[in-house]
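Enquirer:
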Amino acid sequence: MNKNELSSAVAEKAGLSKADAASAVEAVLETVTQTLKDGGEIRLIGFGTFAVTRRKASKGRNPSTGAAIDIPASNQAKFKPGKALKDAINQ
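The sequence shown: position 50 = 992 (the working numbering), numbered continuously.
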């Protein structure tokens, strides 16, 4: 499912116009992005938790040349599903 399909599904389930649903989906995604960018965490009880973890710098190897490369440290977005979501997809 892509963003347009998600917006259409939200519009249908919530009884909104497609434009309103697209705005709502965009607002949610922007809020999640900004919260994670600011170092925050989003907990949606029953659905899951969005958080940021720090990945340390490491050494890697270019598979085509075999040359050693440095992989810089970075922030990574993580999602941990909640119990209700796990149960729903495993039925």
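Glycine is no exception: its CB is placed at the ideal position from the N, C-alpha and C atoms. Quantities reported herein were computed from a predicted structural model and do not represent experimental measurements.
Leaving out five residues on either side along the sequence, give the residues of the same chain with a beta carbon under 6 angstroms from the beta carbon of G1016.
Expert: What sits at residue 1016 in the sequence shown is Ser, not Gly. Answer for S1016: R997, listed in chain order.
Enquirer: Are there three or more Cβ pairs, one per stretch, closer than 8 angstroms when the region 1010-1029 is compared with the region 984-1000?
Expert: They touch, by the three-pair rule.
Enquirer: Flag this pair as yes or no: are the beta carbons of T991 and F1021 separated by less than 9 angstroms?
Expert: Yes; because the gap between Cβ atoms is below 9 angstroms, this pair is in contact.
Enquirer: Assuming contact is defined by CB atoms lying nearer than 9 angstroms, are N946 and A969 in contact in what I supplied?
Expert: Cβ distance not < 9 angstroms, so N946 and A969 don't count as in contact.
Enquirer: So is S949 buried or exposed if we call it buried at 16+ other beta carbons inside 10 Å?
Expert: Its Cβ being crowded by 16 or more others within 10 Å, S949 is buried.
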